[in-house]
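Undergrad:
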Amino acid sequence: MKLTDEIVKALNGCISDGYESVQDFARLTNISADTLAKYLKKETQTIKDETWAKMYPLLKPYLKHSNNRPAFTGTNKTPELETDERILLDAFNDLPEKVREQKLMEMLDLARKYNLEDGVSEPIDLP
Numbered sequence: 027m028k029l030t031d032e033i034v035k036a037l038n039g040c041i042s043d044g045y046e047s048v049q050d051f052a053r054l055t056n057i058s059a060d061t062l063a064k065y066l067k068k069e070t071q072t073i074k075d076e077t078w079a080k081m082y083p084l085l086k087p088y089l090k091h092s093n094n095r096p097a098f099t100g101t102n103k104t105p106e107l108e109t110d111e112r113i114l115l116d117a118f119n120d121l122p123e124k125v126r127e128q129k130l131m132e133m134l135d136l137a138r139k140y141n142l143e144d145g146v147s148e149p150i151d152l153p
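Written as structure tokens, this is what we have:
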């Protein structure tokens with residue numbers, strides 16, 4: 027993926043708004059601080075797809091096409107989430123409310139079926 031000025035600006039904004047340092051952001055995303063520094067200084071022209079997948083969920087609110095700028099300062103509150111979990115939450119949040127409710131019910135039904143197949147005696151309580 028091409029490293030654009032928009033991405034560099036989003037990375038700067040995200041780090042300054044939500045993290046104490048580049049190292050703090052690096053720890054959360056599991057991207058080396060040296061790699062992030064290269065991006066911030068535009069010492070490279072591309073971002074590996076794997077690296078972009080780790081960064082995108084956090085940068086999305088800072089990119090031009092997104093109006094959802096976060097309203098927090100200080101350290102990010104969800105460091106325990108894996109990259110794929112953050113991507114799923116971000117995608118889920120982009121769905122219309124009615125579709126979110128439908129997909130949530132489908133996921134709960136699917137989880138209940140798998141739990142019953144695995145011998146879990148208690149079904150998941152549905153809201």
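With our numbering applied, the sequence shown covers 27 to 153. Beta carbons are placed, not taken as given, at the ideal position from N, Cα and C, and that holds for glycine. Since the model is a prediction, treat every value here as computed from it, not as a measurement.
Hey, could you find the ends of the alpha helix (DSSP H) Glu-76 is sitting in?
TA: Your numbering for residue 76 matches position 50 in the sequence shown. Unbroken alpha helix (DSSP H) run through Glu-76: 75-85.
Undergrad: Put Lys-68 into one of helix, strand or coil per three-state DSSP.
TA: To locate residue 68, count along the sequence shown from 1; it is residue 42. Lys-68 falls in the coil class under three-state DSSP.
Undergrad: Can you check which of these residues, Ile-113, Ser-42 and Ala-137, is closest to Glu-76 by C-alpha distance?
TA: The residue labelled residue 76 in the question sits at position 50 within the sequence shown. Glu-76 has its Cα closest to that of Ile-113, out of Ile-113, Ser-42 and Ala-137.
Undergrad: Using only the alpha-carbon positions, how far apart do Ile-73 and Met-27 sit?
TA: Position 47 of the sequence shown holds residue 73. Position 1 of the sequence shown holds residue 27. Distance between the alpha carbons of Ile-73 and Met-27 is about 5 Å.
Undergrad: Count the other C-beta atoms from every protein chain shown that fall within 10 angstroms of the C-beta of Ala-36, then say buried if there are 16 or more, exposed otherwise.
TA: By 1-based counting over the sequence shown, the position of residue 36 is 10. Its Cβ being crowded by 16 or more others within 10 Å, Ala-36 is buried.
Undergrad: Might you give, ordered along the chain, the residues of its own chain that have their beta carbon closer than 6 Å to the beta carbon of Gly-39, omitting 5 neighbours on each side?
TA: In the sequence shown, residue 39 corresponds to position 13, counting from 1. Contacts found: Tyr-88.
Undergrad: Can you tell me where the alpha helix (DSSP H) with Lys-35 in it begins and where it stops?
TA: Taking the sequence shown and counting its residues from 1, the one referred to as residue 35 is at position 9. Run containing Lys-35: 31-44, per the alpha helix (DSSP H) assignment.
Undergrad: Using the rule of at least 16 other Cβ atoms within 10 Å of the residue's Cβ for burial, across every protein chain shown, is Gly-100 buried or exposed?
TA: Stepping through the sequence shown from its first residue, residue 100 is reached at position 74. Below a pLDDT of 50, predicted positions are generally treated as unreliable, and Gly-100, at 40, falls in that range; the measurement from the model is reported next regardless. Exposed, because fewer than 16 other Cβ atoms sit within 10 Å of the Cβ of Gly-100.
Undergrad: Using 8 Å for Cβ pairs, my map puts Tyr-65 next to Val-34. What's the rounded Cβ distance?
TA: Your numbering for residue 65 matches position 39 in the sequence shown. Your numbering for residue 34 matches position 8 in the sequence shown. Confirmed, Cβ separation roughly 6 Å.
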